[in-house]
Every structure is written in C-alpha cells, then in structure tokens.
Amino acid sequence: KVPGASISVDELPLRDNLRGKSAYGAPQLTVPVVLNTNENPHPPSVALIADVAESVRAAAAELHRYPDRDAIALRGKLAEYLTRATGVRLSVENLWAANGSNEILQQLLQAFGGPGRTALGFVPSYSMHPIISDGTTTTWLEAKRNADFSLDVDYAIGEVAARRPDVVFLTSPNNPTGASIPNAGLRAIVDAAPGIVIVDEAYGEFSEQPSAAELIEEFPAKVVVSRTMSKAFAFAGGRLGYLAASPAIVEALQLVRLPYHLSVLTQASAQAALRHGDETLSGVATIIAERKRVVAELAAAGFEVVDSDANFVLFGRFADASASWLRYLDDGVLIRDVGIAAHLRVTIGLRTENDVFLEVSRRLAATDL
Ligand code: PMP
12 KVPGASISVD ELPLRDNLRG KSAYGAPQLT VPVVLNTNEN PHPPSVALIA
62 DVAESVRAAA AELHRYPDRD AIALRGKLAE YLTRATGVRL SVENLWAANG
112 SNEILQQLLQ AFGGPGRTAL GFVPSYSMHP IISDGTTTTW LEAKRNADFS
162 LDVDYAIGEV AARRPDVVFL TSPNNPTGAS IPNAGLRAIV DAAPGIVIVD
212 EAYGEFSEQP SAAELIEEFP AKVVVSRTMS KAFAFAGGRL GYLAASPAIV
262 EALQLVRLPY HLSVLTQASA QAALRHGDET LSGVATIIAE RKRVVAELAA
312 AGFEVVDSDA NFVLFGRFAD ASASWLRYLD DGVLIRDVGI AAHLRVTIGL
362 RTENDVFLEV SRRLAATDL
C-alpha cells in the first residue's frame, strides 16, 4: 500500500486554473520503432560521447561549488553558433540558456505573463504553450489556423490587434503541423503586437526560412527567438534550450530564473556537444532527405500529407485516428496522436525505422485505415 494514496488530486487545495487539467503526456513506451517526440534519430558519435564524458569528468572536480549562474562560457558558444546559423551578429548579451526550451518559455511567461495577463497562440500548435500559461497563471487565448494549418497573416494581425495579448506565440516551423511562417508575415504580426512575441524555432535548423533573429534589432522590446539543442543537435537528453533577444529582455529574465538553474554538468556537456556541432548538424540534411522520401511514399500510398519544414510530418486522413495509432503500436511503431481529427504525426527516423513505418502505413492504407 502506498502511503497517502487515499487522497486524490481533486481533493487538494489546488489553484482553480489547474483544476481538471491534464499533464503533458507523450507516452514513453519501449517498442522497436519510436517516432513520437520529434527527437533526432542519430545517436551521438563516439567522439562526442568521449568529449562529453571527459568534460563532465573535469567538471566533476568542481561539484562542491555552484555553477556559473550566468553560464557565460556556454552563452558565448551559443551566440557564436547562432550567429553562424542565422547570419545575425549576436553576442553573449543576446543569449540566454535554460533546461530545455520549455524552461525558456516558462521563464518568459514568468516575466512577461502572469496573473491578469494573456498569451495568444494559433492552434493547433505546441501543446506546452497553454500548459506553461496555466502553470504561470497567464490566461491562454486561442486563435485559429487555416484548414490546411497555414497561418492567415491578415487574420493573425486582426486577432493580435483586437485582443492585445501580453505575449504572442508564433511557432515556426509549427509543431505538430510542420510548415514555417514566411518572414514577411511574421514581421507584420510582430509589428501589430502590443507586447512580447515569442517565435518558437525549436525546428529552425530543418527549415529554409530565415530566423526571426533578424527582427531583434528592429523590435528590441518585442522579439524573442526560442531555440533548442533537443532536435537538430540531437541533445534532447542533455536538456538545453536557449533564446536570442535584446540584452534588456535577457536582463529581465534574471528576475525570475532560479539561481544556478543550469548545473555544472549541463553546462559542460552542452559545450562539448557544441564543439561537435558541425558533425551533428550534418545529419540534418539526411533527415530532410528522409522526410522528402517519407512524404512521397505516404502520398503514393494514398495519404494526405501536410507540408513540413521540420523533422516530422502530419498525415491522414484516418476514419478514427486513435484506433489507427493503436494499430501502428501493435506493429511496434510508436507515433503521435496529437488530437487533430483524422490525422497522426510521425517523427522522421533512421532510414530503417522509416521503412518499418511506411510498411505499416501501406498495410493500413490497403485495408480501411
Ligand atoms: N517548442 C516546440 C515547438 C517543441 O516541439 C518542443 C519539443 N517538443 C519544445 C519547444 C521544447 O523542447 P525542449 O524543452 O526539449 O527544448
């Protein structure tokens, strides 16, 4: 018997805005083919593993001390990387880092959202945006995407102007649907926004679109670009997210971050992963090539596939998406039911994993879906 198991969540003095809500819950199952959380399928190289191990070993000698609270060395390396990746000259004062971009988003809402404030997103989009809003008691506002999941820029400008949210989320490429927001449209929405605009570029490296980092100079009080090492850098387990913004926005986040939030071990291993960045990022092209193959083969099997600039694709149409999700699982393939009617999302994996997924897909298409 588990001590305390007689009480349920409903009986706790929980804050009203959390009552009845569900936790983030992508299933973590042990099956042969795992294509459900948009991870990078390429494991770290032997050289990267050795560098992480050696860096952590060296850092362990300092474990009796707190880490650098401001993670200056790591932020400097992130600034160098993002400058190269985006063509926008960014310095250490423009960068901030945290335990995954989820923590970045949480810190942003702690500083710029909160009680009496609102955050607006265009749905369907990343499920954590409303969850982090609830967690910070920021009122979540929803606006729509088009039927093909693209964003109607004029409509978005109208929503932003009419509802005047303190924070706007723009996810580009959008998870779970896949396409990016063209930069001209993005700029126009930022221009119309009264407050902070968080451009969530978790999948930025997979897209041809220029980064919204280009807009920081023009809109220093508004634009925040959120990025992560979880996807292109194949570092999801290392938990390292970051943002680029004006120095003032980075300074504001110091008010809400917990001191020493990035451990010595995290800072050391993230820098090791960045040293091997060129090698890791060369895998992005392989994933994009595989995405194109998966899209073509799904279409050939009769599926509708939503345009994607990311490392996943949303596809359909299923008569009953959750029943079909289970049929993939029965065949050892874990994909994602993101709650969009008639659709499922698959992460692009290794060629062999994609082959198994496509095989099951063809079999489903040949029956009744
Ligand atoms: N933003 C988007 C759009 C995502 O899809 C994800 C991961 N699924 C994240 C942020 C958070 O990733 P992490 O915390 O691993 O950086």
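Each residue of the sequence shown is one higher than the last, beginning at 12 in UniProt numbering.
Cβ coordinates follow ideal geometry from the N, Cα and C atoms, glycine included.
Query	Result
Distance between alanine 300 and glycine 313 (C-alpha atoms, nearest Å)	20 Å
Leucine 116 Cβ short of 8 Å to the ligand PMP heavy atom set	yes
Outcome for tyrosine 77 when other beta-carbon atoms lying within 10 angstroms are tallied against a minimum of 16	exposed
Collapsed DSSP secondary structure at tyrosine 35 in the structure displayed	coil
Beta carbon of serine 138 nearer than 9 Å to that of tyrosine 35	yes
C-alpha distance - leucine 266 paired with alanine 122, whole-angstrom precision	7 Å
Residues of its chain near glycine 196, where Cβ-Cβ distance is below 6 Å and the 5 sequence neighbours each way are ignored	Val164
Anticipated Cβ contact below 8 Å, valine 236 with leucine 251, distance rounded	That belief does not hold up - the Cβ atoms of valine 236 and leucine 251 are roughly 15 Å apart, past 8 Å.
Tyrosine 253: first and last residue of the uninterrupted alpha helix (DSSP H) it sits in	Unbroken run through tyrosine 253 is the beta strand (DSSP E), 252–255; no alpha helix (DSSP H).
By C-beta, the residues closer than 6 Å to any heavy atom of the ligand PMP, given in chain order	Asn49, Gly111, Ser112, Asn113, Tyr137, Thr182, Asn186, Asp211, Ala213, Thr239, Ser241, Ala247 and Gly252
Assigned exposure category for tyrosine 271 - 16 Cβ within 10 Å defines buried	exposed
Identified DSSP bridge partners for lysine 155	Val134
Neighbour-count burial assignment, asparagine 157, 16 or more Cβ in a 10 Å radius	exposed
CA-to-CA distance, proline 184 to leucine 221, given in whole angstroms	Position check: residue 221 holds proline in this sequence, whereas leucine was assumed. Roughly 11 Å between the two C-alpha positions.
Assumed close pair residue 385, leucine 120 - CB separation to whole angstroms, cut-off 8 Å	Outside the shown range of the chain, which is 12 to 380, sits residue 385, and nothing can be said about it.
6 Å Cβ shell around valine 103 - same chain, five flanking residues per side excluded	Arg86, Gly87 and Ala90
Per-residue DSSP class, three states only, for arginine 80	coil
Residue from Leu337, Gln282, Leu116 and Phe368 whose Cα sits closest to the Cα of alanine 64	Gln282
Near the ligand FAD: valine 235 beta-carbon under 8 Å from a heavy atom	No copy of the ligand FAD appears in this structure; the ligands present are the ligand PMP.
Sequence-distant residues of the same chain with beta carbon closer than 6 Å to alanine 224, five excluded per side	Thr97, Val99, Val236 and Ala255
Limits of the unbroken beta strand (DSSP E) element including arginine 356	354–358
Three or more C-beta pairs below 8 Å linking the stretch 12–31 and the stretch 301–321	no
Buried/exposed call for arginine 117, threshold 16 Cβ in 10 Å	According to the sequence as given, residue 117 is glutamine; it is not arginine. With 16 or more other Cβ atoms within 10 Å, it is buried.
Anticipated Cβ contact below 8 Å, alanine 70 with leucine 276, distance rounded	6 Å
Length at least 3, wholly inside the stretch 284–327: the beta strand (DSSP E) runs in chain order	323–327
The stretch 319–327 touching the stretch 20–36, judged by at least three CB pairs closer than 8 Å	no
For isoleucine 209, the three-state DSSP class (helix, strand or coil)	strand
Residue burial classification, alanine 330 (beta-carbon count within 10 angstroms, cutoff 16)	exposed
6 Å CB neighbourhood of valine 134 in its chain, flanking five on each side removed	Glu153
First and last residue of the uninterrupted beta strand (DSSP E) at leucine 29	Segment: none, leucine 29 is in no beta strand (DSSP E) and carries neither H nor E.
Euclidean distance between Cα positions of serine 144 and lysine 32	12 Å
Arginine 302 beta carbon less than 9 Å from that of phenylalanine 217	yes
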